[in-house]
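**Q** Here you go, one structure.
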Amino acid sequence: MSGHSHWSTIKHKKGAADAQRSKTFSKIARIISVAAREAGGNPDTNSKLRIAIDQARAINMPSDNIERAVQRGTGELEGAQLENILYEAYGPGGTALIIEGITDNKNRALGEIKQILNQHKGKLAGEGSVRWMFEQKGCVTVDSATPENRESLELAAIEAGADDIRWEESGMNIYTRPENLEKTKRNLEDKGIVAASASLDWVAKENVRVDAQTEQAMEKLFEALDESDVVQEIYSNLAD
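Position in the sequence shown (from 1) plus 53 gives the number in the working numbering.
Printed below as a string of structure tokens:
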């Protein structure tokens, strides 16, 4: 398990299984709608929307679904008024969590997240009490790396603007300052390197180690949160 990246890389890529596909499409559609509502429906001038659409295409989300999500955000189609939410929390063993989500009802979402945390030895934290333990960074993920091409990928990533590089089982995570995320992704693509995803992540400044029992409790908490339609991403300071 990884403490420096979000749940989708801690345990699995969201939507990797066919059973998750519909749920994943729904979650990404919400991201697209919120991005379009906040800064317009043109991805050429709305960087958040452009990144969200790239993520949707990376999991083969149909173009019609993407277009409808944009139109719901701009008001061309009717839809619920969606808002971004962020919760700070403590998990089992005092681990720190940042939970990002999207909802059309903040009170209902808060109650749902509270209930999940309470059922899994966690609790909500006051604003600012956890966030200081994390730093927001841009993260570009490149999949399917092999030992033979690691060195060339690392060199290309550095040239593209990487501040930090970390390897996961599935490939390479390239970290940048938030404002350089798109530029770094574009520079990689100019070098012929396809990014599997690009996102703004909360990266723990320091990771903590826990015993096996606490780790199992954390995994159950992650799974319960991931099942919630409200939750988009979960970040923790749990060490490998």
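Cβ atoms here follow ideal geometry from the backbone N, Cα and C, with glycine treated the same way.
#1: For D254, is the classification buried or exposed, using 16 other Cβ atoms within 10 angstroms of its Cβ as the cut-off for buried?
#2: Between D217 and the rest of its own chain, which residues show a CB-CB distance below 7 Å, the 5 nearest in sequence each way excluded?
#3: In angstroms with no decimal places, state the Cα-to-Cα distance between H65 and E268.
#4: When DSSP builds the beta bridges, which residues end up paired with E153?
#5: Report buried or exposed for P231, applying the criterion of at least 16 other Cβ atoms within 10 angstroms of its Cβ.
#6: Any idea what DSSP makes of L291, helix, strand or coil?
#7: What first and last residue would you give for the alpha helix (DSSP H) that runs through S250?
#8: Just tell me which of E165, L177, G128 has its CA closest to the CA of S150.
#9: Looking only at its chain, what residues have a beta carbon closer than 8 Å to the beta carbon of T156, apart from the 5 residues adjacent to it on each side?
#10: Take the Cβ of R110 as the centre, count every other Cβ of all protein chains shown within 10 Å, and call the residue buried at 16 or more, exposed below.
**A** On the basis of the data shown:
#1: Flag for D254 reads buried.
#2: So the qualifying residues of the chain are Y228.
#3: Its pLDDT being 37, under 50, H65 is placed unreliably in this model, and the coordinates cannot settle the point.
#4: E153 is bridged by DSSP to L139, E286.
#5: It is exposed - the Cβ of P231 has fewer than 16 other Cβ atoms within 10 Å.
#6: Residue state, collapsed to three classes: strand.
#7: Residue range 250 to 257 is occupied by the beta strand (DSSP E) that includes S250, with no alpha helix (DSSP H) assigned at that position.
#8: In the sequence as presented, Ser is not what sits at residue 150; that position holds Leu. Checked all of E165, L177, G128; the closest Cα to L150 is L177.
#9: The beta carbon of T156 lies closer than 8 Å to those of L135, E136, I138, A162, V283 in the same chain, with the five residues before and after it left out.
#10: When all chains shown are included, R110 counts as exposed.
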